[in-house]
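Visitor:
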């Protein structure tokens with residue numbers, strides 16, 4: 386975090402390196418049903434990020450030792466493709482992907498009605514095809530869409546957005562440069578209908594006032610992303626959502 | 041933290057509209073709720089992606105995707121997926137395989153000879169006998185018409201469409217039977233066995249494809265009737 390020379394990532398007019406204002410989101414495109422063999426799937430382009438999420442199940446949980454008698458288990462696997470970054474990303478599970486898989490599963494367990502499917506497993510695959518910054522947020526949001534597409538009952542959708550601090554200014558939805566050279570990063574998972582929080586991580590330092598500002602940016606951005614999600618679903622399945 | 045972002049002022053969804061999980065359907069008036077709906081903080085909330093249905097004040101969601109869960113008494117079409125010395129494991133298009141004990145098979149089977157009687161891949165017509173709370177189910181082939189299926193082919197429709205396709209005097213399945221002159225058995229798990237001549241089977245496949253594509257039509261029976269007259273020229 387920080388300490389990378391005097392890179393000016395936000396000018397005196399408050400314009401960021403990619404031309405956005407502090408509270409602006411990167412462009413977002415969503416498509417549902419992109420993996421026909423899956424029970425539900427969604428792809429999400431968020432800036433340069435491109436993530437595909439696919440859901441399989443509910444199915445019998447194997448190995449049997451992972452079965453829970455009273456509810457289903459969510460088996461989430463987040464993976465970055467080797468070609469998703471400028472440097473080749475070593476394929477396979479690593480500490481980072483394990484951590485993101487776990488926090489994504491924890492966030493989704495807050496909304497998925499797992500008690501309806503005892504002894505079952507719901508498999509969620511998140512594949513990052515192109516990574517810019519905030520892939521865990523895009524992965525979590527895409528996974529929530531894929532679960533809805535698969536007909537898995539949920540109490541709400543999950544929208545994940547990250548805000549952070551760059552050159553002492555709090556900005557919404559960090560891009561790659563801001564993520565790499567900024568001072569702090571605050572990804573959050575939000576339930577857009579209730580405003581509840583199901584996931585929060587923080588990297589770097591934010592003062593209470595900065596934290597509140599980042600929180601407000603994330604909450605407002607989550608509502609915008611939720612509207613985009615609804616439009617994408619309506620486009621796929623017709624009608625007005 | 042502030043509560044910014046909570047959207048309490050959202051309007052309720054209208055019947056027939058597309059809803060997604062978390063959408064507010066209406067205020068909770070204490071009435072019955074149907075499939076895909078939950079009560080939360082004095083409101084009715086959609087839990088599934090689908091179309092809102094209101095019938096006699098009861099809200100439910102007609103889902104876009106569903107999974108079949110066996111219920112006792114369901115007539116289903118299953119595939120043998122494995123066996124042990126005295127039971128078969130049956131794929132019912134559900135999250136869990138059902139079991140078919142040797143004692144409920146339609147023929148006499150010696151202990152250890154289950155494979156000789158019905159091998160992996162065999163299609164069977166069976167009935168769900170019991171289901172426990174953890175979704176373990178037992179099927180039986182003792183009963184009228186329950187048997188191995190040796191001819192025809194099996195097509196599928198989403199399980200939530202079975203009721204829509206089978207209901208009414210002029211049901212969709214009856215219309216398709218009349219147009220195709222095929223023998224058709226509709227399983228509660230969404231599998232449909234069809235047997236007849238190749239032209240009839242083509243009519244059935246096309247009609248089922250039409251049903252899948254137009255499942256959310258308000259008058260699916262009428263649309264299928266028109267399709268069978270105009271679409272195939274039968």
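Protein chains in written order, with the numbering used here: chain A, 386 to 626; chain B, 41 to 274.
Each residue gets a CB set at the ideal place from its N, CA and C atoms; glycine is no exception.
1) Given that a residue counts as buried once 16 or more other Cβ atoms are within 10 Å of its Cβ, and exposed if not, what is residue 50(B)?
2) Taking its Cβ as the centre, do 16 or more other Cβ atoms sit within 10 Å of residue 202(B), making it buried, or is it exposed?
3) Listed in chain order, which residues of the segment 525-541 of chain A have Cβ atoms closer than 7 Å to some Cβ of chain B?
4) Drop a sphere of 10 angstroms on the beta-carbon of residue 393(A), count the other beta-carbons inside from all chains shown, and report buried for 16 or more, exposed for fewer.
5) Do residue 403(A) and residue 565(A) have their C-beta atoms closer together than 7 Å?
6) Examine chain B for any beta-carbon lying closer than 7 Å to the beta-carbon of residue 426(A), and answer yes or no.
7) Keeping to the same chain, check which residues put their C-beta closer than 8 Å to that of residue 218(B); ignore five residues upstream and five downstream.
8) Residue 100(B) and residue 74(B) - do their beta-carbons sit closer together than 7 Å?
9) In chain order, what residues of the same chain lie with their CB nearer than 7 Å to the CB of residue 176(B), ignoring the 5 residues before and after it?
10) Please go through the same chain and pick out, in chain order, the residues whose beta-carbon is closer than 7 Å to the beta-carbon of residue 494(A), but skip the five residues on each side of it.
11) Mind checking the segment 170-182 of chain B against chain A and listing, in chain order, the residues whose C-beta falls within less than 9 Å of any C-beta there?
12) If residue 228(B) and residue 131(B) are in contact, beta carbons under 8 Å, what's the gap, nearest whole angstrom?
13) Could you pull out every unbroken alpha helix (DSSP H) segment of at least 4 residues lying fully inside the segment 124-173 of chain B, listed in chain order?
14) Looking at the C-beta of residue 17(B), does it have a partner C-beta in chain A at a distance below 7 Å?
15) So, does the CB of residue 587(A) fall closer than 7 Å to a CB anywhere in chain B?
16) Can you find the residues in the same chain that come closer than 8 Å, C-beta to C-beta, to residue 454(A), ignoring five residues on each side of it along the sequence?
17) Where DSSP assigns a beta bridge to residue 512(A), which residues make up the other side?
18) Output needed in chain order: residues of the segment 107-132 of chain B with a Cβ under 7 Å from some Cβ in chain A.
19) Do residue 188(B) and residue 154(B) have their CB atoms nearer than 7 Å?
20) Please classify residue 148(B): is it buried, with 16 or more other beta-carbons within 10 angstroms of its beta-carbon, or exposed?
21) Compile a chain-ordered list of the residues in the segment 501-516 of chain A whose CB is closer than 8 Å to at least one CB of chain B.
22) Can the beta-carbon of residue 514(A) be found less than 7 Å from the beta-carbon of residue 469(A)?
23) What are the boundary residues of the alpha helix (DSSP H) that residue 493(A) is part of?
24) Residues in its own chain within less than 8 Å of residue 170(B) by CB, not counting five upstream and five downstream?
25) For a contact meaning CB atoms closer than 7 Å, what does residue 139(B) contact in chain A?
26) Where do the N-terminal and C-terminal ends of the alpha helix (DSSP H) with residue 263(B) fall, by residue?
27) Does the segment 83-97 of chain B come into contact with the segment 61-74 of chain B, if we say contact requires no fewer than three beta-carbon pairs (one atom in each stretch) closer than 8 Å?
28) If we ignore side chains and look at the alpha-carbon of each, how far apart do residue 492(A) and residue 440(A) end up?
29) Within 10 angstroms of the Cβ of residue 91(B), are there 16 or more other Cβ atoms? Answer buried if so, exposed if not.
30) Run through chain B and tell me which residues come within less than 9 Å of residue 421(A), C-beta to C-beta.
31) By how many angstroms is the C-alpha of residue 262(B) removed from the C-alpha of residue 613(A)?
32) Name the DSSP bridge partner or partners of residue 584(A)?
33) Residue range of the beta strand (DSSP E) that residue 612(A) falls in?
34) In chain order, what residues of the segment 561-581 of chain A put their CB closer than 9 Å to some CB of chain B?
35) My guess is that residue 585(A) and residue 548(A) are in contact by the Cβ rule of under 8 Å, so how many angstroms apart are they, rounded?
Guide: The structure says:
1) Bear in mind that a pLDDT of 48 at residue 50(B), under 50, signals an unreliable position, so the model cannot answer this.
2) buried
3) Of all residues in the segment 525-541 of chain A, the ones placed with a Cβ closer than 7 Å to any Cβ belonging to chain B are 533, 534, 535, 536, 538, 539, 540 and 541, in chain order.
4) exposed
5) Contact: no.
6) Chain B, which has no Cβ nearer than 7 Å to the Cβ of residue 426(A), makes this no.
7) Residues of the same chain with their beta carbon placed closer than 8 Å to that of residue 218(B) are lacking, with the five preceding and five following residues left out of the count.
8) yes
9) 136
10) 459
11) Listed by position along the chain: 173, 174, 175 and 176.
12) Not really, about 15 Å apart at Cβ, beyond 8 Å.
13) List check, alpha helix (DSSP H) in window: 154-157.
14) Since the first and last residues shown for chain B are 41 and 274, residue 17(B) lies out of range.
15) No, residue 587(A) lies away from the interface with chain B (no Cβ there is under 7 Å from its Cβ).
16) 503 and 504
17) 437(A) and 464(A)
18) 107
19) no
20) exposed
21) 502, 503, 504 and 505
22) Between residue 514(A) and residue 469(A), the C-beta gap is smaller than 7 Å, which places the two residues in contact.
23) 480-494
24) In the same chain as residue 170(B), and ignoring 5 residues on each side of it, the C-beta atoms closer than 8 Å to its own belong to 112, 177 and 178, in chain order.
25) Those within 7 Å of residue 139(B) in chain A number zero; the least Cβ separation is about 13 Å.
26) 260-266
27) yes
28) 16 Å
29) When all chains shown are included, residue 91(B) counts as buried.
30) Per Cβ cutoff of 9 Å: no residues; residue 421(A) is ~12 Å from chain B at best.
31) 35 Å
32) 574(A)
33) That residue, residue 612(A), is in no beta strand (DSSP E); its alpha helix (DSSP H) goes 593-622.
34) 575, 576, 577, 578, 579, 580 and 581
35) Between residue 548(A) and residue 585(A) the Cβ distance is about 11 Å, and since that is not below 8 Å, they are no contact.
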